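Input: a single structure, listed below in structure tokens.
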Amino acid sequence: MLDHNLLGGKLNRGLSAIDSYSLLKEGKQLTSEEIIQISSLGWCIEWLQGYFLVHDDIMDGSSKRRGQPCWFRLSEVGMIAVNDGILLRNHIAVILKQHFRGKPYYVDLLELFNEVEYQTASGQMIDLITTQEKDLSKYSLPIHRRIVQYKTAYYSFYLPVACALLMAGENLDNHLMPRTYSSKWEYISKFRMITWTALLIHRCWVRMARILKISSALGWL
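Under the working numbering, the first residue of the sequence shown carries the number 1224, and numbering increases by one thereafter.
Below you can see the structure in the form of structure tokens.
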């Protein structure tokens, strides 16, 4: 189950956490403990995505994911996939407890993952509701932006950096500080620019995919 749902992708989200922490260390060599901890956070993000994708495929009735049949499409799995997705999500708490229970930011990590899950679920809800809408006049750009922001952006772009910031001892409430404070914040500012560029590209991709889906549903294709 883990091989099917966690591997086969680019692992960009997990690797982003590692890269972010390395940059925040400003060239300092990471200790073995730091490598294990930030790698664990990276895998937590990938497990979270695995959970999202398993349930998203079921809700969308998808057939393929990463070039292979969706997990729930396997004859020996079926709707057991619903519980498998829940297991993927619950293992995040187990991993965090194992590696961070004694850290001062342990509770912050738990709250961060809970917050991002809520935001992503909200984006998924908006996506599911609007997908059923065949009146294109009701599909507005603000709704599209909310879907992209909540369904994808928070766990894809914000979560990896937030994990790195917490592990580096930073307060997430201060992550919008001016660039003049330190080179760490210069990095955050640059990362924000890269993030918005990636978001614009992703928005174009999502818009094209949704137009094709709606056009197909209306019999235009």
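Where a beta carbon is used, it is the ideal one built from N, C-alpha and C, also for glycine.
As the structure is a prediction and not an experimental result, all values here were calculated from the model.
**OP:** Reducing DSSP to helix, strand and coil, say where ARG1288 ends up.
**Re:** strand
Subject >> Beta-carbon proximity check, LYS1374 vs GLN1355, cutoff 8 Å >> reply: no
Original post:
Comparing alpha-carbon positions, which option in CYS1386, ASN1394, LEU1395 lies nearest LEU1238?
Top reply: CYS1386
Subject >> Three or more C-beta pairs below 8 Å linking the region 1376 to 1396 and the region 1253 to 1266 >> reply: yes
Subject >> Helix, strand or coil at MET1282 [DSSP, three-state] >> reply: helix
**OP:** Say yes only if the C-beta of LYS1320 is nearer than 7 Å to one or more non-hydrogen atoms of the ligand MN, and no if none qualify.
**Re:** In terms of ligand content, the structure shown is empty, and the ligand MN therefore cannot be addressed.
Original post:
Taking contact to mean at least 3 C-beta pairs separated by less than 8 Å, is the region 1233 to 1250 in contact with the region 1282 to 1293?
Top reply: no
**OP:** Return the residue from the list ALA1304, GLY1231, GLU1257 that minimises the CA-CA distance to ILE1241.
**Re:** GLU1257
Subject >> Whole-angstrom distance between TYR1362 and THR1343, CA atom to CA atom >> reply: 19 Å
Subject >> Whole runs of the alpha helix (DSSP H) within the region 1327 to 1354, excluding any shorter than 4 residues >> reply: 1329 to 1354
**OP:** Mind checking which residues open and close the alpha helix (DSSP H) that includes VAL1317?
**Re:** 1303 to 1323
Original post:
Which same chain residues, not among the five before or five after TYR1274, have their C-beta less than 7 Å away from its C-beta?
Top reply: GLY1308, LEU1311, ARG1312
**OP:** Note the first and the last residue of the continuous alpha helix (DSSP H) segment covering GLY1237.
**Re:** 1235 to 1247
**OP:** Please report how far the alpha carbon of ILE1370 lies from the alpha carbon of ALA1376, in whole angstroms.
**Re:** 9 Å
Original post:
Taking C-alpha atoms, which residue in ILE1315, ASN1394, GLY1301, ARG1296 lies nearest to LEU1271?
Top reply: ILE1315
Subject >> Nearest candidate by alpha-carbon position, reference TYR1341, set GLN1372, LYS1326, ILE1318 >> reply: GLN1372
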